[in-house]
Every structure is written in structure tokens, then in C-alpha cells.
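The letter at position 119 of the sequence shown is residue 119 when you use the working numbering, and the numbering goes up by one with no holes.
We treat Cβ as the ideally placed atom computed from N, Cα and C, and that holds for glycine.
Heads up: the structure comes next, in C-alpha cells.
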Amino acid sequence: MAEILLSEAEKAFIHHGVQDDLRCDGRTRLDYRPIILETGLVSNASGSSRLRLANSDVLVGVKVELASPLSEKPLEGRLEFFVDCSANATPEFEGRGGEDLANEICRFLQMSYMSGDTINLAELSVLAGQQCWVLYVDILILECGGNLYDTVSLAVKSALYTTQIPSIKVATMDGDQPELELSEDPYDTKRLNTQNVPCLVTLMKIGNHFLVDPTPEEECCSSSGIVVAVSDTKKITAVRKIGSGSLHPESLVSMLKTASEVGALVNKILMKKLLEEERTGKTQKVGFMR
């Protein structure tokens, strides 16, 4: 992440604001910044979204392809995540500067989706042990404005929500060899059940308090925090510590409880936005991809 140089006076100002539950931008410790969402921007993808959380901007495209299932999971399809940190997002990403962050986000997303309660991967199986659907989730970070983990997860869930999977029939040919027939009707598709897909909630500790959706300046004032994957039912599917500082066990328990509450609320806010986008966003797109 981009390093921001703050004076001691600026850091003290942020610390005092967090202590008084009034942050520099007027939010309380548990408030998120406004979310702007567009879906269906990438015409050659099975599902796509662009989500902006204040100055953090992320574009996600999902491509659906047939492939062989993993030998250890012959009855399931799978998700594969790829993250690209655009060099235009921040000078820190020039060259190979964003690779470590991209790999960290990929690993944590994979961990967050490992629970069988997030997406039913058995629904992606086409021919047991032979063919399945693979969802390639490509994530492009266009701009860094703090709280990248949360922004990425919201964009990923939105793209998966809009993903259309073609209908397919298994026909038996001569010699009992099955043959797959894709429907020629572009509207003959099915969608994933993304209700239990988790959103990530980042909590950063500043002083004796913790806050959600940190700005880059607030991230610079914190030495420790956690990223928590939370479903709409408040179930936690993954946790990751960030920062070099330590966390007291009591603080960690309190942070996990708060993340659970906030995560469920963020899931509901996102779902409301997705339903609104579905009703009103089909007619005109204003994104740069159109």
C-alpha cells in the first residue's frame, strides 16, 4: 500500500478524532464511506461489476469455462481469483510493486470462500469426475483510496451475483460416451446463489479504539488490525491479522464481534444496491467500459 507521510500533529489530530468517535471526514468509528456500484460493464464477461468506495476503485470480471474438476473434489466446480494492481492506482504499484498485495488478496479470498456454506460448488459440477464449471474471477484495482480488502470483496460479490452460467445438457452418444450440448439461447442461463458469499470487513486499531473502512491516513496511524470475512448471517469464514503491532485477546474478541455485526449490515446494504441496480441499471451504463 502507498505510504503517506503524516506529521506528528496530523497523527495526533486523527488519534483524538478516533478517541472522540468523530473522524476527520465526519464519520463515527463504525461508519462506511459511500458505495457506488455498476454492474454489467464488461460485455465479454459472464458477470462484471465496478465498485467505488470513496477513492478506492475496483473492476471485476467473471468468466465461466468448462474444465476438468480437481482430483480431490471430483463432484465440484471451483473459483479461481486473479488480482492485478494497476500501476495507475498508486506509484507503489509500478513495476512489480503490487504483486505481494495482489497475492495476499488472492489467498485471503480463496480462504474466505473455502467454507461450503459460501457457494455450493456442487452446483457447478456438469459431469461427475469429468467436467465442471470453473469461475475465473479477474480483479483489477484501478485506484487505491484505503480499505482495499473490503472494496475488492464487495466488487467480487457483486460480479458473482450478476454471473450467468449457460445451461448445458448431457446427451449420450454411440458407445455410451456422453456429449455436452450448450444451449444456443443466450437467455437460457442460471445464476449462482450468492446470499452467503462473505464480505470482508477491515478493522484497524488506533489508540484504544478500532474503526472500520479506514482511509489511507488512518491506516498510517495504525500498527495492527484484522480483516474478517463475514456472511449476511454473521458467520465468520476467515480471519487475517494485518500490521506489525500486537492485539490483546480481549480486543480481538471485541473486534471479531463488531466485525460480525458490521459485516452482516454491509452485506444487506450491498444486496439492496444490487437489487436497485438490477431494476434501474439495465437501460443505460455510464462506466468507462461502454
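Checklist entry - For K63, which residues does DSSP report across the bridge? => result What you label residue 63 is simply residue 63 of the sequence shown in a count that begins at 1. Beta-bridge partners assigned by DSSP to K63: Y136.
Checklist entry - Does the region 25–42 come close enough to the region 200–215 that 3 or more CB-CB pairs lie under 8 Å? => result With a cut-off of 8 Å on Cβ pairs, the region 200–215 is in contact with the region 25–42, counting three or more such pairs.
Checklist entry - Rounded to the nearest angstrom, how far is the Cβ of S222 from that of L247, given a contact under 8 Å? => result Counting from 1 along the sequence shown, the entry for residue 222 is found at position 222. Counting from 1 along the sequence shown, the entry for residue 247 is found at position 247. 11 Å between Cβ atoms; not a contact.
Checklist entry - Three-state secondary structure (DSSP) at D185? => result In the sequence shown, residue 185 corresponds to position 185, counting from 1. Coil at D185, not helix or strand.
Item to check | Candidates C85, D150, S112: closest to A54 by CA position | outcome: Your numbering for residue 54 matches position 54 in the sequence shown. Comparing alpha-carbon positions, the option among C85, D150, S112 lying closest to A54 turns out to be D150.
Next on the checklist: Taking the alpha-carbon of E179 as reference, which of F13, L66, R50, T39 has the nearest alpha-carbon?
Outcome noted: By one-based count along the sequence shown, residue 179 stands at place 179. Nearest C-alpha to E179: L66.
Checklist entry - For the alpha helix (DSSP H) that Q19 lies in, which residues bound it at each end? => result Reading the sequence shown from its first residue, position 19 is the one you call residue 19. Taken as a continuous stretch (DSSP letters only), the alpha helix (DSSP H) holding Q19 covers 8–19.
Checklist entry - Where does T283 fall in DSSP's three states? => result If you number the sequence shown from 1, residue 283 lands on position 283. Residue confidence for T283 is low, a pLDDT of 48 falling below 50, so the modelled location carries little weight; the figure read from the coordinates is stated next. Reduced to three states, the DSSP call for T283 is coil.
Next on the checklist: Taking the alpha-carbon of A159 as reference, which of K273, G146, Q177 has the nearest alpha-carbon?
Outcome noted: By one-based count along the sequence shown, residue 159 stands at place 159. Minimum Cα distance to A159 is reached at K273.
Checklist entry - Near D21, what residues of its chain come up, given a Cβ to Cβ distance below 6 Å and the 5 sequence neighbours on each side ignored? => result As a first step, residue 21 must be located in the sequence shown, where it is residue number 21. Answer for D21: T28, R29, listed in chain order.
Checklist entry - Using a Cβ-Cβ cut-off of 6 Å (strictly less than) and excluding sequence neighbours within five positions of G98, which residues of its own chain qualify? => result In the sequence shown, residue 98 corresponds to position 98, counting from 1. Once the five neighbours on either side are set aside, the close Cβ partners of G98 are C85.
Next on the checklist: Taking a contact to mean a Cβ-Cβ separation below 9 Å, would you say N147 touches S56 in this structure?
Outcome noted: On the sequence shown, residue 147 is found 147 positions in, with the first residue counted as 1. On the sequence shown, residue 56 is found 56 positions in, with the first residue counted as 1. Going by beta carbons, N147 and S56 fall inside the 9 Å limit.
Next on the checklist: Check this for me: beta carbons of D117 and S231, under 9 Å apart or not?
Outcome noted: In the sequence shown, counting from the first residue as 1, residue 117 sits at position 117. In the sequence shown, counting from the first residue as 1, residue 231 sits at position 231. Against a cut-off of 9 Å, the Cβ pair of S231 and D117 comes out as a contact.
Checklist entry - Ordered along the chain, which non-local residues of its own chain (more than five positions away) have a Cβ less than 6 Å from that of Y32? => result If you number the sequence shown from 1, residue 32 lands on position 32. Closer than 6 Å at the Cβ level, and outside the excluded window around Y32, lie D213.
Item to check | Other residues of its chain near A2: CB distance less than 8 Å, five sequence neighbours each side excluded | outcome: Reading the sequence shown from its first residue, position 2 is the one you call residue 2. Reliability fails at A2, whose pLDDT of 48 lies under 50, so the model's placement of it is uncertain and no value is given.
Checklist entry - When burial is assigned at 16 or more other CB atoms within 10 Å of the CB, is R191 buried or exposed? => result The residue labelled residue 191 in the question sits at position 191 within the sequence shown. Exposed, by the Cβ-count rule.
Checklist entry - Using DSSP with H/G/I as helix, E/B as strand and the rest coil, what is G234? => result Start at 1 with the first residue of the sequence shown, and residue 234 comes out as number 234. One detail in the question is off: residue 234 reads as Lys in this sequence, not Gly. In the structure shown, K234 sits in coil (DSSP, three-state: anything other than H, G, I, E or B).
Checklist entry - If you draw a straight line from the C-alpha of V262 to the C-alpha of Y136, how long is it? => result In the sequence shown, the residue the question calls residue 262 occupies position 262. In the sequence shown, the residue the question calls residue 136 occupies position 136. Rounded to the nearest angstrom, the two C-alpha atoms are 28 Å apart.
Item to check | Nearest-angstrom Cα separation, counted from M255 out to S71 | outcome: In the sequence shown, counting from the first residue as 1, residue 71 sits at position 71. In the sequence shown, counting from the first residue as 1, residue 255 sits at position 255. Computed Cα separation, rounded: 38 Å.
Item to check | Residue from L37, K73, V58, Y113 whose Cα sits closest to the Cα of E80 | outcome: If you number the sequence shown from 1, residue 80 lands on position 80. With distances taken between Cα atoms, E80 lies closest to Y113.
Item to check | CA-to-CA distance, L252 to T307, given in whole angstroms | outcome: This structure cannot settle anything about residue 307, because the visible part of the chain is limited to 1 through 290.
Item to check | Spatial neighbours of F82 in its chain, beta-carbon cut-off 6 Å, leaving aside the 5 residues before and after | outcome: Sequence index remark: in the sequence shown, residue 82 carries index 82 (1-based). Cβ neighbours of F82 beyond the five flanking positions: D138.
Checklist entry - Buried or exposed: where does A9 fall if 16 or more other Cβ atoms within 10 Å of its Cβ makes it buried? => result Translated into the one-based positions of the sequence shown, residue 9 becomes position 9. The residue in question, A9, is exposed, as its Cβ has fewer than 16 Cβ neighbours within 10 Å.
Item to check | Nonlocal neighbours in the same chain, by C-beta distance under 6 Å from R52, ignoring five residues either side | outcome: Taking the first residue of the sequence shown as 1, we reach residue 52 at position 52. I36.
Checklist entry - In the structure shown, what three-state DSSP assignment does E217 receive? => result The residue you call residue 217 lines up with position 217 of the sequence shown. If DSSP states are grouped into helix, strand and coil, E217 belongs with the helices.
Checklist entry - Out of P34, L124, V60, P198, which has the shortest C-alpha to C-alpha gap to V134? => result To locate residue 134, count along the sequence shown from 1; it is residue 134. Out of P34, L124, V60, P198, L124 has the C-alpha closest to the C-alpha of V134.
Checklist entry - Is Q164 helix, strand or coil by DSSP? => result Here the question's residue 164 lines up with position 164 in the sequence shown. Q164 falls in the strand class under three-state DSSP.
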